[in-house]
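Each step along the sequence shown adds one to the number in the numbering used here, with nothing skipped, and position 13 is 796. These notes concern the structure reproduced below.
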Amino acid sequence: MADALLGPAEIRELATRLGVSPTKKLGQNFLHDPNTIRRIVAAAGLRPDDVALEVGPGLGSLTLGLVGAVRHVHAVEIDPRLAAALPETVAAPNLTVHPADAMRVGAADFDPAPTMLVANLPYNVAVPVVLHLLAGLPTLRGGLVMVQKEVADRLTAGPGSKVYGVPSVKLAWYADARPAGKVPPAVFWPVPNVDSGLVAFLRRTPPRADIDRSDVFAVVDAAFAQRRKTLRAALAGWAGGPQQAEKVLVAAGIAPQARGESLTVAQFAEIAAAAKPSGVGGKLSASGRQPEEVDT
Ligand code: SAM
């Protein structure tokens, strides 16, 4: 693998040849450091029989590291110029390039089915992409993603932390996540003005199989929309009033004066479960807001 990885000179040469000038809109910051690629591939905990899904292969830096480590790689790239050039740059028989928006792909698009998500994600859509793929690809057993350090902190935060919020709870519904290291701006071209962070995650069984994910996520969205308020107040709109919110919270075994930032995902699931018999929460969960639509 080491010989084939792209360094700064190769990245510039490729970009010039393809006429690519990186755009902020698509979060295009390309890795040009073979050591970082090796670090990501090692930290991903891949098995030789894994099928990797890479979102945003760009010029192919990470793709080159992945094709030698797993059985198959699916690379989903929204930029048609980059998608078209990838088979030439990587030239591996176990690579399938999908010129597509990662927010629009689903299980039917992939054969063989992906088992691990490994990606240096476009930072502007990182959280929605991770949640969309975990929801739509049940064969994913885990992954390792690089995101803005601040987003990595949020994704891996636990209850009680200042940065614990919607992304933390929603990712926890699907997976156990942990921080897997920091990455400095200098390994990218162009150089971003923030640090990056690695997040490793392994799928877990959701806390309650009998409750719809969208019902739980509706409670999470309502609780964090007004995170400084008590749950009694924050969930009033969702429940149809503060008294109803209090009733549901007590039935779920949660103190009405608690705040959303102190609750585990299992406790959010208990609130959704306690609301079910009385039909509370139907208004918000049916409002059309997609559960993956999260603010990052
Ligand atoms: N993996 C490459 C690397 O590490 O050098 C590039 C990573 S760059 C941070 C993000 C890549 O995601 C870009 O190639 C960009 O075109 C692509 N991208 C942006 N939005 C996307 C989307 N919605 N679906 C798929 N690819 C996307």
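C-beta atoms are modelled at their ideal positions from N, C-alpha and C, and glycine is treated no differently. Since this is a predicted model, take the numbers as computed values, not measurements.
Alpha-carbon to alpha-carbon, residue j and residue i
i: proline 968; j: asparagine 818; result: 14 angstroms
i: threonine 1047; j: alanine 866; result: 40 angstroms
i: isoleucine 861; j: glutamine 811; result: 11 angstroms
i: valine 928; j: alanine 827; result: 8 angstroms
i: alanine 885; j: lysine 808; result: 15 angstroms
i: glutamate 1053; j: leucine 814; result: 42 angstroms
i: alanine 1056; j: alanine 1005; result: 15 angstroms
i: phenylalanine 1051; j: lysine 1012; result: 16 angstroms
i: proline 973; j: valine 913; result: 24 angstroms
i: alanine 852; j: methionine 899; result: 12 angstroms
i: alanine 958; j: glycine 943; result: 19 angstroms
i: proline 791; j: glycine 848; result: 16 angstroms
i: leucine 845; j: arginine 1015; result: 47 angstroms
i: valine 946; j: lysine 953; result: 14 angstroms
i: glutamate 837; j: arginine 821; result: 15 angstroms
i: arginine 800; j: alanine 940; result: 42 angstroms
i: alanine 1001; j: glycine 802; result: 44 angstroms
i: serine 1061; j: valine 999; result: 15 angstroms
i: histidine 881; j: arginine 924; result: 21 angstroms
i: proline 840; j: alanine 1049; result: 35 angstroms
i: alanine 909; j: histidine 915; result: 10 angstroms
i: arginine 1010; j: alanine 1017; result: 7 angstroms
i: lysine 965; j: asparagine 907; result: 18 angstroms
i: alanine 918; j: glutamine 1026; result: 33 angstroms
i: valine 824; j: leucine 938; result: 20 angstroms
i: lysine 1059; j: serine 1045; result: 22 angstroms
i: threonine 879; j: arginine 961; result: 29 angstroms
i: proline 990; j: serine 951; result: 15 angstroms
i: aspartate 816; j: proline 911; result: 27 angstroms
i: proline 863; j: valine 901; result: 20 angstroms
i: leucine 842; j: threonine 988; result: 35 angstroms
Residues sharing a beta bridge with residue i, DSSP
i: serine 979; result: Gln931 and Val966
i: glutamate 837; result: Ala858
i: glycine 925; result: Met899 and Leu985
i: phenylalanine 971; result: Leu814
Coil, strand or helix - residue i by DSSP
i: aspartate 936; result: helix
i: arginine 986; result: strand
i: proline 882; result: strand
i: asparagine 877; result: coil
i: alanine 960; result: strand
i: leucine 900; result: strand
i: histidine 815; result: coil
i: alanine 1019; result: helix
i: glycine 948; result: coil
i: glycine 848; result: helix
i: phenylalanine 1007; result: helix
i: lysine 953; result: helix
i: glycine 1043; result: helix
i: proline 831; result: coil
i: glycine 1062; result: coil
i: isoleucine 994; result: coil
i: glycine 802; result: coil
i: phenylalanine 893; result: coil
i: proline 905; result: coil
i: threonine 1013; result: coil
i: alanine 1028; result: helix
i: alanine 1035; result: coil
i: valine 910; result: helix
i: glycine 790; result: coil
i: proline 863; result: helix
i: glycine 843; result: coil
i: valine 853; result: coil
i: glycine 943; result: coil
i: valine 1048; result: helix
Are the region 1040–1056 and the region 966–981 touching, with three or more C-beta to C-beta distances below 8 angstroms? These segments do not touch.
Three or more beta-carbon pairs under 8 angstroms between the region 829–836 and the region 931–948, yes or no? The region 829–836 makes no contact with the region 931–948; the number of CB pairs closer than 8 angstroms stays below 3.
Quick one: any contact between the region 1021–1037 and the region 990–1000, if contact means 3 or more CB pairs under 8 angstroms? With a cut-off of 8 angstroms on Cβ pairs, the region 1021–1037 is not in contact with the region 990–1000, counting fewer than three such pairs.
Contact between the region 790–802 and the region 892–899 (3+ Cβ pairs under 8 angstroms): Pairwise C-beta distances place the region 790–802 out of contact with the region 892–899, as fewer than three of them are shorter than 8 angstroms.
Is it the case that the region 844–856 contacts the region 871–883, given that we only count it when at least three CB pairs across the two stretches are under 8 angstroms? In this structure the region 871–883 touches the region 844–856; the number of beta carbon pairs closer than 8 angstroms is three or more.
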